[in-house]
Amino acid sequence: MYTSRGDRIRNPSAYTAAGGRAFSSNGSGIRDPTAYQRAIDASVRQNSDSPVYLYHYTDPGSAAKIENSGMIKASSDGALGSGTYLTAKPPRTSSDRLMTNNYDGAASTRDASKVDSYVRVDAARVQAENGRAATSRDVWKVDGDVKLADAGAKIGSRSNKRKR
1 MYTSRGDRIR NPSAYTAAGG RAFSSNGSGI RDPTAYQRAI DASVRQNSDS PVYLYHYTDP
61 GSAAKIENSG MIKASSDGAL GSGTYLTAKP PRTSSDRLMT NNYDGAASTR DASKVDSYVR
121 VDAARVQAEN GRAATSRDVW KVDGDVKLAD AGAKIGSRSN KRKR
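Everything in the sequence shown is counted per full-length UniProt numbering, starting at 1 for the first residue and increasing by one.
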């Protein structure tokens, strides 16, 4: 974020409280600089060892079952052993990338609807093990089931965001 002269803004809240206007790198005005900075920080954190959100991708039917049961049930056949598998890759990620990340070499044998729906959990509210070193993929595992209420979960659909 920048001033009208192109100087970097270090504290958006203080700058705008003092009456300053903030601009993006392309010169567009920013309506809510504090929210804009939070979004940038969250995006950077998603690709780190401390993401803001983790996602469990599934098909629409399974998403409905998860919502009705109030939990994501652990799987027993994952690369890191038994547990609930998540990724930090957000819903805007292409279906091909999600399939490759989630199913590795078996991605081509799976139905792409497996990533049409998702459960987003607050990463700070689950004890997730980072499996990147062991799998070379963006994989996180929680031991056991994940209770939606405890994890601050939200269920969503990628149907209007499907990218191949």
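Note that CB positions come from ideal geometry on N, CA and C, so glycine has one too.
From a predicted model like this one, the values you see are computed outputs, not experimental measurements.
- [ ] Assign LYS161 to one of three DSSP states: helix, strand, or coil.
- [x] Model confidence at LYS161 stands at a pLDDT of 49, short of 50, so the residue's coordinates are unreliable; what they give is reported in the following sentence. Helix, per DSSP.
TODO: Taking the CB atoms as reference points, tell me whether ALA133 and PRO51 lie closer together than 7 Å.
DONE: no
TODO: With DSSP as the reference, please indicate the residues paired to GLU129 in a beta bridge.
DONE: LYS141
Task: Terminal residues of the beta strand (DSSP E) in which SER76 lies - done: No beta strand (DSSP E) contains SER76, which DSSP labels as neither H nor E.
TODO: List the residues that DSSP assigns as beta-bridge partners of VAL146.
DONE: ILE72
- [ ] Write down the C-beta distance between VAL146 and MET71 rounded to the nearest angstrom, noting that I regard them as a contact closer than 8 Å.
- [x] 6 Å
Task: Selected residue, minimal CA-CA separation from TYR103, among ALA22, HIS56, ASP49, LYS154 - done: Measuring from the Cα of TYR103, the nearest candidate turns out to be HIS56.
Open item on the list: Any heavy atom of the ligand MN closer than 6 Å to the beta-carbon of LEU80?
Closed with: The ligand MN is absent from the structure shown, which contains no ligands of any kind.
Task: Cross-strand partners of ARG10 (DSSP beta bridge) - done: Per DSSP, none; premise fails for ARG10.
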